[in-house]
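Worksheet for the structure shown next.
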Amino acid sequence: MQKQRPKHLDLPKIRLPIPGIVSILHRISGAAMFLAIPFIICLLQGSLSSAAQFEAYKAVVAHPLIKIILLGLLWAFMHHACAGVRFLMLDMHKGTELHTARNTAKAVIVVSLLLTVIVGGLLW
Numbered sequence: 001m002q003k004q005r006p007k008h009l010d011l012p013k014i015r016l017p018i019p020g021i022v023s024i025l026h027r028i029s030g031a032a033m034f035l036a037i038p039f040i041i042c043l044l045q046g047s048l049s050s051a052a053q054f055e056a057y058k059a060v061v062a063h064p065l066i067k068i069i070l071l072g073l074l075w076a077f078m079h080h081a082c083a084g085v086r087f088l089m090l091d092m093h094k095g096t097e098l099h100t101a102r103n104t105a106k107a108v109i110v111v112s113l114l115l116t117v118i119v120g121g122l123l124w
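Under full-length UniProt numbering, read the sequence shown as residues 1 to 124, first letter to last.
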């Protein structure tokens, strides 16, 4: 007997569990950081070339839109680091129980947001 599989998945209606959301956000944050590397290197190279260039880049980074983008990259780094530690623990078979996995996933979200607010507040 052949199984009846769904033919048209309505992706927005699928509710992922919290660990699944953390996993997807881990991948998205890693991809965002990878794609941002050329821009970050360009900013670093330009800011180190001369004092005038440094002041110009400082003015660019002071723009609110750029600050929001950099804050998003900061969150991506914090989330990726926190989720990475969680996944390393899961690889060592620590926290694999359902209740613990859900709690650690929630903790990753909360801690990454708190770290983003703290570090972002210290930087700006």
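Ideal Cβ positions, reconstructed from N, Cα and C, are used throughout, including at glycine. Owing to the predicted nature of the structure, the values given are computational and were not obtained by experimental measurement.
Between the region 17-37 and the region 71-85, can you find at least three pairs of beta-carbon atoms closer than 8 Å? Judged by Cβ distances under 8 Å, the region 71-85 makes contact with the region 17-37, as three or more pairs qualify.
Do L43 and Y57 have their C-beta atoms within less than 8 Å of each other? On the sequence shown, residue 43 is found 43 positions in, with the first residue counted as 1. On the sequence shown, residue 57 is found 57 positions in, with the first residue counted as 1. Taking 8 Å as the Cβ cut-off, L43 and Y57 qualify as a contacting pair.
With a threshold of 8 Å, are at least 3 pairs of Cβ atoms found where one atom belongs to the region 32-41 and the other to the region 82-95? no
Once the 5 residues before and after T116 are set aside, which same chain residues still bring their CB inside 6 Å of it? Here residue 116 corresponds to residue number 116 of the sequence shown, with the count starting at 1. Hits under 6 Å: L74, W75, M78.
Going straight from the alpha carbon of A62 to that of S49, what length do you get? Reading the sequence shown from its first residue, position 62 is the one you call residue 62. Reading the sequence shown from its first residue, position 49 is the one you call residue 49. If I take the Cα positions, the gap works out to 19 Å.
Give a yes or no on whether the C-beta atoms belonging to P19 and A101 are separated by under 8 Å. Reading the sequence shown from its first residue, position 19 is the one you call residue 19. Reading the sequence shown from its first residue, position 101 is the one you call residue 101. Between P19 and A101, the gap from beta carbon to beta carbon is short of 8 Å.
Burial state of T96 (16 or more Cβ within 10 Å): Looking up residue 96 in the sequence shown gives position 96. With fewer than 16 other Cβ atoms within 10 Å, it is exposed.
E55, enclosing alpha helix (DSSP H) - first and last residue: To locate residue 55, count along the sequence shown from 1; it is residue 55. Run containing E55: 51-61, per the alpha helix (DSSP H) assignment.
So, for G72: in the same chain, excluding its five sequence neighbours on each side, which residues have a beta-carbon less than 8 Å away from its beta-carbon? Counting from one through the sequence shown, the residue named residue 72 turns up at place 72. Excluding positions up to five away in sequence, the list reads A32.
For F54, collect the residues of the same chain with a Cβ closer than 6 Å to its Cβ; drop the 5 residues on either side in sequence, then sort them by chain order. Here residue 54 corresponds to residue number 54 of the sequence shown, with the count starting at 1. These residues qualify, in order along the chain: S47.
Can you have a look at A59 and say buried or exposed, based on whether 16 or more other CB atoms are within 10 angstroms of its CB? If you number the sequence shown from 1, residue 59 lands on position 59. A59 comes out exposed.
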